[in-house]
Each structure stands twice: as structure tokens, then as C-alpha cells.
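Going letter by letter, the sequence shown gives residues 1 to 884 in full-length UniProt numbering. The beta carbon of each residue, even a glycine, is placed where N, CA and C say it ideally should be. Structure first, then comments.
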Amino acid sequence: MRDANPGAVYLKDYCAPAFLINRTELHFDLGEEETIVTSRLYLLRSPEIAGEPVLSLQGQELELLEVSIDNELLPASAYRQTEDSLVVDGVPEQCVLTCKTRIRPQDNTSLEGLYKSHSMFCTQCEAEGFRKITYYLDRPDIMSVFTVTIEADAKRYPVLLSNGNLLESKLLESGRRQVLWHDPFPKPAYLFALVAGDLEYIEDTFETASGNNVTLRIYVEPKDLGKCDHAMDSLKRSMRWDEETFGREYDLELFNVVAVDDFNMGAMENKSLNIFNTSCVLCHPDITTDQGYQRVEAIVAHEYFHNWSGNRVTCRDWFQLSLKEGFTVFRDAEFSSDMGSRTVKRIEDVNLLRTAQFAEDAGPMAHPVRPESYIEINNFYTRTVYEKGAEVVRMIHTLLGPEAFRAGSDLYFERHDGQAVTVEDFVCAMEDASGADLQQFRRWYSQAGTPHLGVRDSYDEAAQTYTLEVSQSCPPTPGQTEKEPFVIPLAMGLLGEAGNLPLRLQGEEADPETADNTHMVLIVDQPAQQFVFEGVAERPVPSLLRGFSAPVRLGYDYSREALCQLMSRDDDGFVRWDSAQALATQVITQVQQQLAARQTVVVDPLLLQACAQLLADESLDPAMVAEMLTLPGESYLAELAGEGAADVDAIHSAHLAVHRAMGESMTPLLLARYKDLAVGENYAPRGEQIAARALRNLCLSYLAHADSQHLTLARAQLDAADNITDRLAALRVLAFYGDEADWSEPMAAFYHDWADETLVVNQWLAVQAAIPDANAIQRVRELMQHKDFDLRNPNKVRSLVGTFAGRNPVNFHRADGQGYRLLVDIVAELNASNPQIAAGLLTPLTRWRYYVGRADLMRSELERLAAREDLSPDVYEVVTKSLQ
Ligand code: TRP
Ligand code: ZN
């Protein structure tokens, strides 16, 4: 039996390091059989530590060849090795420690440390991958200046990259090349990177605000050279934007991006050598959807922004991960909002937060934005740390206002440049620059769970007052039963017959300065409080949580009529969308009850009319209309149902019924818009085109579902399209609303056309994994045998297995348990080769407590995994915590 909590790390146990590493010199001898890494660490005993500390370096899967101190070889008696450390006694106050180790990157399937992707060598060191390269103090508060020598076969690896500046490159007699890189900025080991391969690049330049010229390069395999322009363009726009919006300039003369096919996540912000998953950098109309283009722009920006929020100022320890991730997600979201439609971007982000992050907060893996313990840090790159962390930064922005927030950000960067700091330091800088008191606000970092905001209202016609009674509570989460009240900024307005009403709170002077007095941010910071508005001439409809001003569940009992009013007339775009979602949710829930009671299904005409009105209004942004006409997703509905109450089949049937009714009731309008939204010009990933395609393809899906006659439209679209967005949309419509006879031939033809574009094949796998027909399990098992499937490639696994488990609810949750079994079989296999991916795939199973009639099946599959002896810490942590 294992311990209850093997190897858990606690925030409260943090200790400053006993040694510092001023300089780090690395030498890599890259080979096909073995790679020899020699490190020279310039150690210095920390002035803060008393006594004679032992030096304990981390290292995993390393073969130690030699250790010396100040060039004197150490006898074996002078050090001890364990499975994951090297301990040296009697290390002088100041010395150079040299370690020579052997590693085998070609056998490294975890994609952490140094590994091979196709013929290329590359690294991934965050969070704790550097210890798979050499023995080191592998913790982010050890910041060191790196000098790196790489030696490799000159023909196979003409490109040899690391961080910083290239100082030297020479051909050696042996047919090998040697290069020398130096990064002047001290950095933690997790930001180290190395790339060696037969790559080509596109190049551009950027002149910084203070006039420095930066060379920008994107390195890819030669076949992908034509797919880099969008990423380059996004990079330049990010650089300019960060100067203008945050006053942050780039700080070196070279910025490299490398695309790698085998990668555990999206991308990595290594200093001046960002490494990207090919799926997050390559773009071409034939391989990248509209959404994909926007994703590339956002991720390029995200990694670039880390140069300040993460690299120049980094994290003291991994509990502070949200310090860099939450802040950087906030920054990239602001960037995307400025590049496109702010409201649509906000809707997309809230959708993700409310489905994935709220579910995390309500599940067994719930943790605060700043967690207090972990077994495997790789399991904590979560929606909570990233997306909820960004919401917390956004709330600070809301509370302080844009100017004070910017002042806080400036102070943070100035005060902590070159340091490894904490979330507390960030909040302090915000307080010091603004004078605000964020004491109670800090609970957002320490308390897990999604707060519930209950709102009730009353109107006093005689007194012309309108009262909002607001209460907050937060459900218990693992290890936290009682919660203290949060500070919740509640942005709001009041909607009257002729538009949004002017707002005046009782006891407050009307402010003649503010032109816009129809919008207000109420500060909710107690379990219950009251807000009384005066001079309210009519009973209003409250427009609440505008812009989703806080990551909470809002509980206000809206009538359907009120939702229709907000949906069509409120000033706030987010509230218009959210009201449409709330209305659709009410209607789907009602249909679910009708189905359960075996009554005839009646879809409330109010919804149908409201939708038709939106669709008919050509003055509206089609992207916004598409968002508003998209029904809430099945997983969001399951999440809303709550623990022990989600009935997947009923949700699926009701969802389908409402979707079909919408198609049937709006057919002529859908046909008309399908026609007029056709993009007449060549494909470009521009706002107006993207918006038109989004709404047009939504129309197609409603049409095809209402009447299979319209599948011919999908066939025609598939043949005529000049881009993958329209092709995949058509293929999906055929597969989801047609029979296998309708889609099997086009599906095969699509593969045939795009078989040599890996990223297209991945999307082809994903479409098939999501088809909700009865054959899905069999199909997924067969696709796993397809010659283009590869369990070692995370993109393929996510496309096929991740999509199946996350986006095919009726099949994943099959009553016979086959869906769960399929997932667990794969996780068991990946557990050994790539634990990080294995653990990540388990997420949908951890929600077992939600599902009516399935919980036992799901739990027993988790128990089947738990019973295995060979579990990686990654999988072990997820499985055991889910079963607690
Ligand atoms: N820091 C990366 C980001 O920008 C994410 C990351 C963490 C990562 N660990 C990784 C990326 C492992 C790839 C592989 O969010
Ligand atoms: Zn990041």
C-alpha cells in the first residue's frame, strides 16, 4: 500500500534555498545513442543560511559519470545518489561544481527535459523538467546566468539554438558543429531551452519604442515555411501592444520561435526561445480554422507577454504559478479584445470558465488559485490557476480602474525586476500604487470554490426606490469547509421601457461628472447586503454581472419575458448573450421535464421568436448573433444540473429537440441568411469574414438538423469551400445530422485530400470522435489503429481520445460503461510513457459524482486504475483525490 499522500509538497514548508547558483555553464554533446551533458555550477552559499548546509541537487533518469568541485574529481564517498537527487556534503562556501551525466533523449517519451520530436532535439523544462537534463537546484527561485555550448552533427542539425545571444559558431573537424549561446538575464532553469534540428525560418524585424532593432525568427520544418506569416504578424502586434498598453519593451536583439510536433501543452515562454506546439503556431487557410487563427494569435501573444510577466519577474515557487499565468492570461485576453471584438472574446472566455473551471471548482480536484499543496505540479496547470487566476486580476482591474491598475503593474515590474516573487508581492504593488485596500480581496487567492451570488429585488412605486438584496455563499471544497465572504465587484444597470435608467444609490450624490450614469459597480463584501436606488421611475429589469464582472454563479429568478428584454435591449453585450443563454437553458430544462413525463414536447415560442428576431436583424454583428443563437453546451447543462443530478441522455435529447425546433421554426430565415452570409472574396482570417462564417455555419447546422434535405447544402459547401473552416463545418453537419451513408464517403475523401497535413488529420480524428451515433466506441477503437494515429503524440491523443471523452457525452457516458473503459484503458497505457498527458485525460471521469445512473460505473473505472501498482505520481494524484 502507498502512503495516504506520497510526496505531497506544501506551501507552508517553503524554505529559501541554501545555495545560490550565480552562473550556469552547460555543455551538450548531442548524439543518436547518447547525449552527454556537462554542467558547471558556480555555487555560493546563501548569506541568509546559517551553519554548513548540505547541497541536495535534483536529478531524474540521469546517469552520473563524474562530479568534481573546483576541478577536483570527487570520490564516490563524497556524495550520495538517490532516485531523484544528488547529495554532496562539505561543499565550500563558494565553488564550481561540475557534473557529467549521460541521458538518452531519443527514448524520452514524457516530453519533459531533453527529447526528440521527429529528427529534432528539443527541451521542455517547465515545471520540473530541467532535472531530467542535469543535476540542479531545479526551483524557480534559483536564478542564474546561463552560458550554453551545443555540439552536434553539422549535417543533421544545422540549426542549434538556445537562450539569449549567439556568441560563436564553428565547424569542428569531426563533421560536428559547436555553438555558444549566452543569456545575460538571470533566469530559473524552467526557462532554459535548447533546439537542434534541420529547420528553416522566416525572419522579420521589430523596432522597439526606444529604438532597438530586434530580429524575429520562426523556425519550422521546411515543409511548413509557408505557414508562419500569421504567427509573425501576431508577434509584432503583441510587441507593439505590450509597449503601448503596459509600457513593456523587449529586452534582447533576437527573439526565436520554434514549432515542434510532439509537445505536451500549447507553448512555452523560454527566454528568447519560445517553443510552440505546431498546432499553436502554424497557420494556413487549408489547415487552420478561423478559431485556430485566433488561438495562434492569442498564444503567440501569451508567450511573448511572459517575457515580463513570468521571465523578468518570475515565481518564487510553484504555488505562485498563477502569478505569471493568471496575469498573462489577463494580458493576452486584453490583447485579443483590442484586436477583435471585445464582447465576443469575453463571451468565449466566460463560456470556458463556466463550463471547465466551475466544474473544477465543484469537483474533487478543486483548489485555490494559489494552491496549498500538490503531489505533482504538472497537475496544477489548471483552469483555476490560468482562467480563474486571470479573472482575479481582472477584478483588481475593475476595482482599481485602468489608470491605477497600470500604475500597479508598473510598480510591480519595477520593484521586482530580476526577482522570484509571490502573489502577495503582486497584490502589494497594486495596493501601494493605488492606495486601495485589498486585504479581504486576497481571499480569492486562498479560498477555492465558486461563490454563489443570490439576488432578490423589490420596487416601491410610491417611494420610487428599487432595492437589490444581495447575498453570497461559497460551497465547501476539499480541505475548506467554511468560507469567508469574498469581495465581489457586481457591475450592473437597470433596464426600463425606453432603455437603461440613470442610477443613483441612496445616500450618494449624483455625480454630474459621469456622462454614463447608467452603469455601476456595486461592491459586495458581506454575506448579505442591500443596495437601494432612488429616483427609479418604473419597475426595472436588473442587468446583473455585466461583462461577467466576477467569477460567480448568479442566482436571480428572471422571468422569460425579462430575459427577452435584456437579450434584445440591454446596453451590455455580455448580458445580452448571457440572457439568451439563460432563456435557452430554461427552455431546454423544461423540454427535459416534458420528455421525462412523456409529454409532447413544446419548445417555448418566446425563445423561437427571440432567436428569429436576432437572426433577421442584419444590423447586428453576425459573430454576436452566432454566439447568442448557440445553445448552451451539454457539459454546461450537466454542470448546472449539479451533483447527483446530471442526466446525460435526457440533456442530450432535450438539447437535440430544442435545436431541431429552432431549425424547423426558422427555416426560411435560416436559408436566406445562409445565402446572404456567403463570403464573396478569397479567404482571409479577418473579423468580418470570421463573423459571417460563424453565423452561416450555425445556420447550416440548424437547417440540416431540421430537414435532412438540407444536407445537400453541406455537401455543396464541402466541395466548394476554399478553407478548412467551411469544410470542417460541413463535414461535421453531415456527420452529426446525417446517417453514416451521408458522411462515410466525404469523410474518406477528406482524409485522402489532406493525409499529408498532420494538423488536418488531427481535426479529422476529432470530428469523428465527436459523432454522437451508436457506433462511436467502435470507431474510436478503430481509429486508434489507423496508421496516422500515434499514442506518443499528444495532439493525436487529445484529438481522438480527449475529444471523445470531452465532446461526445452520450457515448462517453454509455450506460454499459464502454466509454469509461475505453478512456481508462488508454490512460493505463499512457501512464508509463507520458504521465502528464495520462493524468490530463482523466478530467471528465473525475466528475463522476454529477451523473445520475453512472456514478458507480465511473467510480469503479477509477478504482480499476487506483488498483494498479505502477501509477505515476501524476495519475496517482488525480485518481486518489477523485475517489476521496
Ligand atoms: N508556461 C506555459 C504557458 O505559457 C505552459 C506550460 C507549462 C507548458 N508546462 C508546460 C507548456 C509543459 C508545454 C509543456 O502557459
Ligand atoms: Zn503561460
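Residue i to residue j, Cα distance in whole Å?
i: Glu869; j: Asp70; result: 43 Å
i: Ala154; j: Leu399; result: 56 Å
i: Arg673; j: Trp577; result: 20 Å
i: Gly496; j: Val487; result: 28 Å
i: Met1; j: Leu865; result: Here Met1 scores only 35 on pLDDT, less than 50, and its place in the model should not be relied on; the value that follows carries that caveat. Their backbone Cα atoms lie some 14 Å apart in a straight line.
i: Leu583; j: Leu554; result: 14 Å
i: Glu618; j: Asn307; result: 43 Å
i: Ser701; j: Gln689; result: 18 Å
i: Arg715; j: Arg732; result: 11 Å
i: Leu282; j: Leu235; result: 13 Å
i: Gly535; j: Arg504; result: 7 Å
i: Asp571; j: Ala741; result: 47 Å
i: Ala152; j: Ser119; result: 13 Å
i: Ser833; j: Leu615; result: 49 Å
i: Met430; j: Glu634; result: 39 Å
i: Lys116; j: Lys324; result: 28 Å
i: Phe413; j: Ala298; result: 22 Å
i: Asp753; j: Gly642; result: 44 Å
i: Ile396; j: Phe405; result: 7 Å
i: Leu728; j: Glu334; result: 29 Å
i: Gln565; j: Met628; result: 14 Å
i: Ser56; j: Val552; result: 44 Å
i: Val214; j: Asp204; result: 8 Å
i: Ala4; j: Met265; result: Its pLDDT being 45, under 50, Ala4 is placed unreliably in this model, and the coordinates cannot settle the point.
i: Tyr851; j: Gln818; result: 15 Å
Looking only at C-alpha atoms, which of the options sits nearest to residue i?
i: Glu360; options: Tyr876, Leu842, Leu862 and Leu865; result: Leu842
i: Arg443; options: Phe531, Gln480 and Val421; result: Gln480
i: Asn163; options: Asp676, Val344 and Leu26; result: Leu26
i: Met268; options: His397, Thr123 and Asp138; result: Thr123
i: Ala596; options: Asp649, Gly547 and Cys611; result: Asp649
i: Leu501; options: Gln526, Gln464 and Glu482; result: Gln464
i: Leu522; options: Gly840, Thr288, Met492 and Thr600; result: Met492
i: Asp338; options: Gly326, Tyr374, Gln294 and Tyr381; result: Gln294
i: Pro873; options: Leu606, Ala805, Asp856 and Gln836; result: Gln836
i: Ser341; options: Pro140, Phe574 and Thr880; result: Phe574
i: Ser458; options: Asp557, Asp261 and Gln291; result: Asp557
i: Glu829; options: Ser110, Gln768, Ser373 and Leu55; result: Ser110
i: Pro368; options: Asn831, Trp181, Lys223 and Leu321; result: Leu321
Less than 7 Å separating the Cβ of residue i from some heavy atom of the ligand ZN?
i: His652; result: no
i: His118; result: no
i: Thr712; result: no
i: Leu302; result: The sequence given here has His at residue 302, not Leu. At least one heavy atom of the ligand ZN is nearer than 7 Å to the Cβ of His302, so yes.
i: Gly387; result: One point to set straight first is that residue 387 is Glu, not Gly, in the sequence displayed. Answer for Glu387: no, Cβ out of range of the ligand ZN.
i: Thr328; result: yes
i: Glu334; result: no
i: His230; result: no
With a threshold of 7 Å (Cβ to nearest heavy atom), would residue i be considered close to the ligand TRP?
i: Phe263; result: yes
i: Ala839; result: no
i: Tyr381; result: yes
i: Gly266; result: yes
i: Ala420; result: no
i: Ala127; result: yes
i: His182; result: no
i: Gln124; result: yes
i: Glu325; result: yes
i: His705; result: no
Within 10 angstroms of its Cβ, does residue i collect 16 or more other Cβ (buried), or is it exposed?
i: Arg781; result: exposed
i: Thr134; result: buried
i: Arg847; result: buried
i: Ala838; result: buried
i: Gly310; result: buried
i: Gly663; result: buried
i: Glu757; result: buried
i: Pro47; result: exposed
i: Arg598; result: exposed
i: Leu172; result: exposed
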